[in-house]
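> For reference, the structure I am asking about is given below.
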Amino acid sequence: MSNALQIALIPLLPLAAFVILGLFGNKYVNRSAGIIATFLLASSAALAFYTAYQYFFEYGKVEGVYQKVTAFKYTWLQFSDQLSIDIGALIDPITAMMLVVVTFISLLVHIYSLAYLKGEKRFATYYAFLGLFTFSMLGLVLSSNIFQMYIFWELVGVSSFLLIGFYYDKPSAVAACKKAFIVTRFADLGFLIGILVLSFYAGTLDFNTLIERLTSLQSAEFKMATAASFMGISALTWGLVLVFIGGAGKSAMFPLHIWLPDAMEGPTPVSALIHAATMVVAGVFLVARLFPVFQISPIAMDVVAYTGIISALIAAVIACTQTDIKRVLAYSTMSQIGFMMFALGVSKTGGEAGLGFTASMFHLFTHAMFKALLFLGAGAVIHYVHSNEMKDMGGLRKYLPITHITFLIACLAISGIPPFAGFFSKEEILLAAYHHYPVIFYTALITSGLTAFYMFRLYFSIFWNKQTQVHSEHSAPHDSEKHGEGGLAMMLPLIVLAMASCLAGFIHFGNFVTADGKPLTTALHLLFSVAPVVLALAGIGIATWLFLRQNDSPVKYSNKLGNLYKAAHQKFYIDELYGFITQKIIFNLVGRPAAWFDKNIVDGLVNETGNGTTTLAEKIKAFQSGKVQQYAIYFLGGVMGLTVLFIYLWK
Amino acid sequence: MITPGLYHILFISTALFFIGMYGFFARKNLITMLMSIELILNSVNLNFIAFNKYLWPGRLDGVFFTIFIIAIAAAEAAVAIAIIINLYRSHKSIDVEQTEEMKY
């Protein structure tokens, strides 16, 4: 089936880029590395678009229902007749959608980086890492086997680590990449245990079989998984919650979100690709992939829903107080992923009740567009100003007109102003929560108001507000060429993404991506939209009032909020809490005793063996005196001893 | 006149052996030590001849061994004297106590 080759090539082309540039990049093709990688990725993206088109419009639908198609499957590691780890590709609506999102955003980031990282010494290495990341992410979404997914999941983690730590001579970047890796790795432990629990009860690692067995109420596997319980909760729920912990770690859900803001130390295009559009939604994707199984366990669904909404709210509050523009965007990402998570958590399968699933995937899609746009726009700003801090910015709309317009579009989209993309997906999410989860609904409503506020605080602080002095020196003729908007390579992705942010909302997502594969008509309830839109406008209004012109009212109001503002500015002391737990408790109670044991007992044993041998050798070395006659006497003594032995004992 | 028996000859050979042994341990001159070794070898030769003559008079094994040992002793003497000459060139001495560098 030529289809299999075509699908296999989608992840393999970025892998080829990684191998070529990783091996030969810095030496032979440093200059053209970007072009090579971009070309390979463009081919991959074309294939992905074609595959998605074929799936959605040609063969995917059988009798009105989208099927799960296994394009190819190789048995990689056979444990027993039933249990094997396969490497394969599974295409269903969410995979097809993710293929498009990942290759599209990755392609734009490749193009953008051509200008953004121009002149970087490790230019080829950067593109090699991007290739590795894209390969892993595509492999992750194509996985037909939960263990295959785990492999790619870890690969994604490691490429994220490499890219965050790209500026490895900057101590903060090194600390950030370590933190990201350790926190997500810690969460992945939960994922691994979850995989083992689920596959133990299902007796398989294959997604299709696993879902089939654990969702049919009559199967032996299902009965065993629900009957076995630990601490009053069934094994199935435990497995799902543990898997969700892995997802929460990658998706930066509270309380495992601490790595995401620090991860902004990486190059900005990387943040756009990994920490906004693709990798951080892996957790959402994972829950969506196992959605039918999650569906069985109300507790697991509640965990997903409440983790999502708590993350969304906390992140939105923190985002209002941050001054580093990339950190604002990072918290906003976390907040938006929280939206996707709780949308999944409140969803059911089938019909109107499955709205949450569709809405979540829809929001994932639109969010990828406008958040990548925001990050790339922020990249253009940082490229121009050479600073991440809001206080160094202001009044940039004259100098960066295209960035300004596209950034404004993205802000409107994320705030949920019609007719931009974010409006449609956010409406669906709110509507999904409205019926059965009033607490979540109202919290989400407030959060979306806050979203509008902090996004426009960011927007006004960058493009309006005060005039900064930095620009006068930049506008000098010899500098203007270098410090424009970064040329076509940087502007093209912005424009494309801005168009996507405008238009993506009009896709009828319900026709394509639903929990059960059947099309779902999503009606837009105009009356329902009033409250969120009004709240968003209010948020924008307040932001305009506070930040359009430079004045002292923001300081005044933040002082009035007192401790709340301070707590939010310090990110609710979660980092400090982690620091306390790890450094004071775990290090002292586990780390130091273990280190003592290692240093004194394990090393001590080895050292003592060495020292003992040396001492003994010091004592007996006098035998080797160098005196020939002494040796002869020893020899004689030996011979006489042997003679005595032979005569009297041996006979 | 007494015809010498096996024991007489063995007595001489033993005496010769221990004289050589004493010389090897007690003398400090390398040449003298080499001569002591020759004495030891010759005591062994005497043993071979004596045993051959008194115990297996019809055979020649012991005589052949003796001839071998004489040949080897000659070769060994040549090598040893070469070593001693070189030692003299480097140390200006053939005293065994001056040559103790080869140790731990």
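Protein sequences, first through last, are from chains A and B. The first sequence runs 961 to 1611 under our numbering. The second sequence runs 34 to 137 under our numbering. Beta carbons are placed, not taken as given, at the ideal position from N, Cα and C, and that holds for glycine. Because the structure is a prediction, the values reported are computed rather than measured.
1. Please list, in chain order, the residues of the segment 45-71 of chain B that have any C-beta partner in chain A closer than 7 Å.
2. Indicate whether at least one CB of chain B lies closer than 9 Å to the CB of residue 909(A).
3. Does residue 1081(A) have its Cβ less than 9 Å from a Cβ in chain B?
4. So the candidates are 1196(A), 1274(A), 1272(A); which of them puts its Cα closest to the Cα of residue 1258(A)?
5. Counting only C-beta atoms, is residue 132(B) closer than 9 Å to chain A at any point?
6. What alpha helix (DSSP H) runs, 4 residues minimum, are completely inside the segment 1240-1280 of chain A?
7. With burial defined as no fewer than 16 other Cβ atoms inside 10 Å of the residue's Cβ, what is the status of residue 1236(A): buried or exposed?
8. Would you say residue 77(B) faces chain A, with C-beta separation under 9 Å as the test?
9. Can you confirm whether residue 129(B), when its beta carbon is compared against all beta carbons of chain A, has any partner nearer than 9 Å?
10. So which residues on chain C does residue 1581(A) lean against when the C-beta distance must stay under 9 Å?
11. Going along the chain, which residues of the segment 1574-1598 of chain A sit with their C-beta nearer than 7 Å to a C-beta in chain B?
12. Is it true that the CB of residue 1192(A) sits closer than 9 Å to the CB of residue 1085(A)?
13. Among 1287(A), 1075(A), 1464(A), which one has its Cα closest to the Cα of residue 993(A)?
14. Below 8 Å on the Cβ atoms is my contact criterion, and I expect residue 1251(A) with residue 1404(A) to pass it. Report the Cβ-Cβ distance as a whole number of Å.
15. So for residue 1049(A), helix, strand or coil by DSSP?
16. Taking Cβ to Cβ, would you say residue 1324(A) is nearer than 9 Å to residue 1264(A)?
17. In angstroms with no decimal places, state the Cα-to-Cα distance between residue 1202(A) and residue 1044(A).
18. For residue 977(A), tell me which candidate among 1234(A), 964(A), 1092(A), 1355(A) has the shortest Cα-Cα distance.
19. With DSSP run on the structure shown, which of helix, strand or coil describes residue 1474(A)?
20. In whole angstroms, give me the CA-to-CA distance for residue 1302(A) and residue 1082(A).
21. Can the beta-carbon of residue 1053(A) be found closer than 9 Å to that of residue 1473(A)?
22. Which residues share a DSSP beta bridge with residue 1032(A)?
23. Just the C-alpha distance for residue 137(B) and residue 1584(A), rounded to the nearest angstrom, thanks.
24. Within 10 angstroms of its Cβ, does residue 1510(A) collect 16 or more other Cβ (buried), or is it exposed?
25. Would you kindly report the start and end of the unbroken alpha helix (DSSP H) that includes residue 1131(A)?
26. Which partner residues does residue 1652(A) have in the DSSP bridge list?
27. Counting along the chain, where does the alpha helix (DSSP H) carrying residue 78(B) start and finish?
28. Is residue 1229(A) closer than 9 Å to residue 1347(A) when the C-beta atoms are compared?
29. Would you mind reading off the limits of the alpha helix (DSSP H) that contains residue 1363(A)?
30. Is it buried or exposed for residue 1564(A), if we count other Cβ within 10 angstroms and need 16 for buried?
31. Rounded to the nearest angstrom, what separates residue 1160(A) and residue 1185(A) at their Cα positions?
32. In whole angstroms, what separates the C-alpha of residue 1512(A) from that of residue 1349(A)?
33. With three or more beta-carbon pairs closer than 8 Å as the criterion, would you say the segment 1208-1223 of chain A touches the segment 1527-1539 of chain A?
34. Which two residues bound the contiguous alpha helix (DSSP H) that contains residue 1227(A)?
Judging by the given coordinates:
1. 57, 58
2. Nothing about residue 909(A) can be reported from this structure: the residues present for chain A run from 961 to 1611 only.
3. no
4. 1196(A)
5. yes
6. 1242-1249, 1251-1256, 1258-1279
7. buried
8. No, residue 77(B) does not count as interfacial toward chain A.
9. Chain A contact via Cβ: present.
10. You won't find chain C in this structure, because its protein chains are A and B.
11. 1581, 1584, 1585, 1586, 1587, 1588, 1589, 1592, 1593
12. no
13. 1075(A)
14. The Cβ separation is near 20 Å, so there is no contact.
15. strand
16. No Cβ-Cβ contact shorter than 9 Å links residue 1324(A) with residue 1264(A).
17. 22 Å
18. 1092(A)
19. coil
20. C-alpha separation (whole angstroms): 40 Å.
21. Result yes, Cβ atoms of residue 1053(A) and residue 1473(A) sit closer than 9 Å.
22. 1049(A)
23. 6 Å
24. exposed
25. 1131-1162
26. Within the shown structure, residues of chain A are numbered from 961 to 1611, placing residue 1652(A) beyond reach of any answer.
27. DSSP places residue 78(B) in the uninterrupted alpha helix (DSSP H) bounded by 63-88.
28. no
29. 1361-1375
30. exposed
31. Each residue's Cα considered, the two are about 9 Å apart.
32. 18 Å
33. yes
34. Element bounds for residue 1227(A): n/a, residue is neither H nor E.
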